[in-house]
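Those sequence lines, one after another, are chains Z and V.
Going by our numbering, the residue at position 103 of the first sequence is 179; the numbering climbs one at a time, nothing skipped.
Going by our numbering, the residue at position 205 of the second sequence is 281; the numbering climbs one at a time, nothing skipped.
We put the CB at the ideal spot given by N, CA and C, even for glycine.
Only a predicted model underlies this, so the values are computations on that prediction, with no experimental measurement involved.
2 protein chains.
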Amino acid sequence: MTCKSVEKVAQAIEQMVTQGAGPWQAAVCALAMAGYKARHLDQSEAKEHLKKAQARLIATRPTNTALAQRLELAMQAAEMALEAETPLDQAITQWLGETRRQIYADYATRGRLGADLIEDGDGILTMCFAETSFILALAMAWADGKKIHVYVPETRPFLQGAKLTAPSIHELGIPVTLMGDNMASGLMAQGKIQKYFTAADLITVDGHVVNKVGTYQHAIAARYHNVPFYAFAWGLDPTRPDRASVEIEMRNPDEIKTFKGTPVTHPNIEAIYPAFDITPPELVSGIVMKNGVVRPEKFGGSY
Amino acid sequence: MTCKSVEKVAQAIEQMVTQGAGPWQAAVCALAMAGYKARHLDQSEAKEHLKKAQARLIATRPTNTALAQRLELAMQAAEMALEAETPLDQAITQWLGETRRQIYADYATRGRLGADLIEDGDGILTMCFAETSFILALAMAWADGKKIHVYVPETRPFLQGAKLTAPSIHELGIPVTLMGDNMASGLMAQGKIQKYFTAADLITVDGHVVNKVGTYQHAIAARYHNVPFYAFAWGLDPTRPDRASVEIEMRNPDEIKTFKGTPVTHPNIEAIYPAFDITPPELVSGIVMKNGVVRPEKFGGSY
Numbered sequence: 077m078t079c080k081s082v083e084k085v086a087q088a089i090e091q092m093v094t095q096g097a098g099p100w101q102a103a104v105c106a107l108a109m110a111g112y113k114a115r116h117l118d119q120s121e122a123k124e125h126l127k128k129a130q131a132r133l134i135a136t137r138p139t140n141t142a143l144a145q146r147l148e149l150a151m152q153a154a155e156m157a158l159e160a161e162t163p164l165d166q167a168i169t170q171w172l173g174e175t176r177r178q179i180y181a182d183y184a185t186r187g188r189l190g191a192d193l194i195e196d197g198d199g200i201l202t203m204c205f206a207e208t209s210f211i212l213a214l215a216m217a218w219a220d221g222k223k224i225h226v227y228v229p230e231t232r233p234f235l236q237g238a239k240l241t242a243p244s245i246h247e248l249g250i251p252v253t254l255m256g257d258n259m260a261s262g263l264m265a266q267g268k269i270q271k272y273f274t275a276a277d278l279i280t281v282d283g284h285v286v287n288k289v290g291t292y293q294h295a296i297a298a299r300y301h302n303v304p305f306y307a308f309a310w311g312l313d314p315t316r317p318d319r320a321s322v323e324i325e326m327r328n329p330d331e332i333k334t335f336k337g338t339p340v341t342h343p344n345i346e347a348i349y350p351a352f353d354i355t356p357p358e359l360v361s362g363i364v365m366k367n368g369v370v371r372p373e374k375f376g377g378s379y
Numbered sequence: 077m078t079c080k081s082v083e084k085v086a087q088a089i090e091q092m093v094t095q096g097a098g099p100w101q102a103a104v105c106a107l108a109m110a111g112y113k114a115r116h117l118d119q120s121e122a123k124e125h126l127k128k129a130q131a132r133l134i135a136t137r138p139t140n141t142a143l144a145q146r147l148e149l150a151m152q153a154a155e156m157a158l159e160a161e162t163p164l165d166q167a168i169t170q171w172l173g174e175t176r177r178q179i180y181a182d183y184a185t186r187g188r189l190g191a192d193l194i195e196d197g198d199g200i201l202t203m204c205f206a207e208t209s210f211i212l213a214l215a216m217a218w219a220d221g222k223k224i225h226v227y228v229p230e231t232r233p234f235l236q237g238a239k240l241t242a243p244s245i246h247e248l249g250i251p252v253t254l255m256g257d258n259m260a261s262g263l264m265a266q267g268k269i270q271k272y273f274t275a276a277d278l279i280t281v282d283g284h285v286v287n288k289v290g291t292y293q294h295a296i297a298a299r300y301h302n303v304p305f306y307a308f309a310w311g312l313d314p315t316r317p318d319r320a321s322v323e324i325e326m327r328n329p330d331e332i333k334t335f336k337g338t339p340v341t342h343p344n345i346e347a348i349y350p351a352f353d354i355t356p357p358e359l360v361s362g363i364v365m366k367n368g369v370v371r372p373e374k375f376g377g378s379y
């Protein structure tokens, strides 16, 4: 998809055209585009133009605050370029290139940590698309000779599990089974699941894991069956002290009431689509971060 | 849908054309049709013909054994007619009429028991289509002036929640919210759910509740949030002592891999679709049966 304005990029992010590491990179590229379009403006007008683009891009997804944090860093790079009177778009894309290199190095580090948590013979449950570090963890465990089998819930209504996660694992040649979002606990009761791994869109200072809706119910079921739950994350968000400070994105209920435009229920029925849920630290065995696998309470918060 | 042979009725039951009290009544009507078609056969040939029809109809749904139990009773009525040399189809439809009257009286009794479990202000979670007695319980609680709100998971992949349960409740004028199968635990954490009600396709002698896949994960989440779980049921199945004796129907994985014929994943990816799961008695607050709301361990089994 080609987007020729900040507004089009923002709409694409809202429509979830890209997942995982996609949205924040698309947002930073949109900021660079705004910088380029501001090249003939004076300094204060250019700054105003960038601020407006930044605000629109931050508003796309209220729950995952990593996008906002990275846009803020890109803005700092742009402001330095403004003062130095060098091109804004080049400053932002240079910042993006450096950050991307660092982040892909982090993916590899966290992938290794995740692979070492996996044991030979493990059945592994995931939810939604657990990011590059999870896929890398599977690839590394498989390369280490560990026989694994991955179980992927489809992740209604956007079907990231069916459309993205299961095909990614299948491409690696690792055995993978797709199922509904209502089937994992039955597999746990049959002893088929030994580990549960997800990404985390946000981790609060007191260790709550915010991730795609459905993560929480599997975390409860995992605890009931003594299956450890690990979440891959960049780190915590210092601006989110606890669950009360988290904004859960409420998406358009029509995504529940229709499938590719075909209605699945009576048109007058009310529906809800909270895109994320919150798992408390007591259900989390560890957060896989670049410095190691950390218990959420080690973050220094209380729960 | 009109079916002019036992085989067509069996296929319609397999394709889940009818739900709740529909399948067993359709199966008994098919047995009556077999009896009518056998009217010119001699006694042993007619019995053979009926036995064949009975076996085909029992094979339609291996998990819910109520259909098999009722077909057996209808067969006994047919065998008495065979000996008395009276028309088989009339004997079977007469048995059906009497049994239906009795069962609808039971629905009303169980509806009343369910309504009395509901408190003013309750948020009520259900799963799949929890049968006539659940809908009656809601209608009676509402008529008693209790303000309630019902939350209905869509029930992938067949979407009974979206297509049948939510519209049924909406028709009664009771507030209802449709959602994905991955969203109930988030609502529980927000304090929006006070009761969890489902049907039961089968109850084992030792008190395990077998019901539509997804029932179990909500039962685990309900216990985690101190929400009581009640299942509406006819009674236990004396031929199923424990969970090991239950056959879980594994349906066609294409129902997960496609939506109305549209693929949702890579064609080579393996999928599973277990149609039911098993909730242990320790997670069940009570079984709503015609004689009262009974704790599963009172069935006399051990767990």
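- Taking every protein chain shown into account, the CB of V/Gly187 has 16 or more other CB atoms within 10 angstroms, so this residue is buried.
- In this structure, the beta-carbon distance from Z/Gln91 to Z/Gln236 does not fall below 8 Å.
- Within chain V, no residue has its beta carbon less than 7 Å from that of Z/Ser120; the closest one is some 44 Å off.
- Contact between the region 344-354 of chain V and the region 305-318 of chain V is absent: fewer than 3 CB-CB pairs across the two stretches fall below 8 Å.
- Against chain Z, a Cβ distance below 7 Å from V/Gly290 picks out Asn258.
- Between the region 241-260 of chain Z and the region 363-374 of chain V, the count of C-beta pairs closer than 8 Å stays below three; the two stretches do not touch.
- Of all residues in the region 241-255 of chain V, only Ala242, Pro243, His246, Val252, Thr253, Leu254, Met255 come within less than 7 Å of chain Z when Cβ atoms are compared, listed by chain position.
- Counting only runs of 4+ residues, the alpha helix (DSSP H) found wholly inside the region 158-213 of chain Z occupies 164-193, in chain order.
- One alpha carbon belongs to V/Pro329, the other to V/Thr341, and they sit about 12 Å apart.
- Secondary structure note for Z/Met109: its alpha helix (DSSP H) is the uninterrupted segment 98-113.
- Relative to Z/Ala106, the option among Z/Lys80, Z/Glu121, Z/Asp118 whose CA is nearest is Z/Lys80.
- Here V/Glu323 carries a coil assignment [DSSP, helix/strand/coil].
- Flagged as an interface residue toward chain Z: V/Val340, by a C-beta distance shorter than 8 Å.
- Collapsing the DSSP output to three states places Z/Ile245 in a helix.
- Beta bridge pairing from DSSP links Z/Met365 with Z/Gly368.
- Think of a sphere of 8 Å around the beta carbon of Z/Arg232: the chain V residues whose beta carbon falls inside it are Glu230, Arg232, Gly256, Asp257, Asn258, in chain order.
- Less than 8 Å divides the Cβ of Z/Leu278 from the Cβ of Z/Thr139.
- Within the same chain, Cβ atoms closer than 6 Å to the Cβ of Z/Tyr112 are found at Asp165, the five residues on either side in sequence being excluded.
- Of all residues in the region 273-298 of chain V, those with a C-beta nearer than 7 Å to a C-beta of chain Z are Val289, Gly290, Tyr292, Gln293, Ile296, Ala297, reading in chain order.
- With a 10 Å radius around the Cβ and a threshold of 16 neighbouring Cβ atoms, V/Pro339 comes out exposed.
- In this structure, V/His301 lies near V/Met264, with their beta-carbon atoms less than 8 Å apart.
- Remark: C-beta atoms of Z/Met77 and Z/Ala86 do not approach each other more closely than 8 Å.
- Taking the CA atoms as reference points, V/Asp192 sits about 7 Å from V/Ala217.
- Legend: CB atoms of the region 340-369 of chain Z lying less than 8 Å from CB atoms of chain V belong to residues Val340, Thr341, His342, Asn344, Ile345, Glu346, Ala347, Ile348, Tyr349, Pro350, Asp353, Ile354.
- A straight line joining the alpha-carbon of V/Val289 with that of V/Ala275 spans about 12 Å.
- Around V/Leu235, the beta-carbon contacts reaching into chain Z at under 7 Å are Val340.
- Looking from the CA of V/Met151, the closest CA among V/Thr141, V/Ala142, V/Trp171 belongs to V/Trp171.
- Residues of the region 299-317 of chain V with a C-beta less than 9 Å from any C-beta of chain Z: Arg299, Tyr300, His301, listed in chain order.
- Here Z/Pro339 carries a strand assignment [DSSP, helix/strand/coil].
- Contact of Z/Gly337 with chain V by beta-carbon distance below 7 Å is absent, the smallest such distance being about 11 Å.
- V/Leu240: not part of any alpha helix (DSSP H); DSSP gives it neither H nor E.
- Per DSSP, reduced to three states, the secondary structure at V/Asp330 is helical.
- DSSP places Z/Pro314 outside both helix and strand once states are collapsed to three, so it counts as coil.
- Here Z/Lys223 carries a coil assignment [DSSP, helix/strand/coil].
- Here Z/His294 really is in contact with Z/Met203; their C-beta atoms are around 6 Å apart, less than 8 Å.
- For V/Ala88, no CB of chain Z lies under 8 Å from its own CB, so it is not counted at the interface with that chain.
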